[in-house]
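Undergrad: Here it is, the structure in full.
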Amino acid sequence: MLFLGTNKYPSENEYSRYISSHGGITNAFTGSDHTNYHFDIAPDHLAVSLFPLCFIGALDRFVQFFLCPQFTESATEREVCAVDSENSNNLQNDQWRMIQLER
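All residue numbers for the sequence shown refer to UniProt numbering, where the first residue is 1 and numbers rise by one.
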């Protein structure tokens, strides 16, 4: 949900585009009680003098997810459907259900 744009960067894919355009990667995963976020900007992709500026740009876009996220109705509905679909698929998986029972 956080990747759906912010007040400062309203485009839904601005964060990913920025990271990719600077030779970087981004990822996130959710555990049972926390979510981990990761991004990396490739310093060898940039002139040494530009790396701090690119890192600050990436960090600013990341921070905005927590300061002023946009939760538009259409994007929220899409994400709810995606989570529901994932859950429906998991319910068909015996191994996943066993893991849930062990919690």
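Think of the CB as a built atom: it goes at the ideal place given N, C-alpha and C, for glycine as much as any other residue.
Could you please give me the residues that DSSP links to Pro69 through a beta bridge?
TA: Answer is Thr6, bridged to Pro69.
Undergrad: Quick one: is Tyr37 buried, meaning 16 or more other Cβ sit within 10 Å of its Cβ, or exposed?
TA: Looking at its Cβ environment, which holds fewer than 16 other Cβ atoms inside 10 Å, Tyr37 is exposed.
Undergrad: Let's see if you can read the secondary structure: which residues bound the alpha helix (DSSP H) around Asp94?
TA: Looking at the DSSP string, the run of the alpha helix (DSSP H) that includes Asp94 is 94 to 102.
Undergrad: Are the region 51 to 58 and the region 79 to 87 touching, with three or more C-beta to C-beta distances below 8 Å?
TA: Too few Cβ pairs lie closer than 8 Å, so no.
Undergrad: Could you compute how far the alpha carbon of Phe29 sits from the alpha carbon of Thr35?
TA: Distance between the alpha carbons of Phe29 and Thr35: 6 Å.
Undergrad: Bridge partners of Phe39, per DSSP?
TA: According to DSSP, Phe39 bridges with Thr26.
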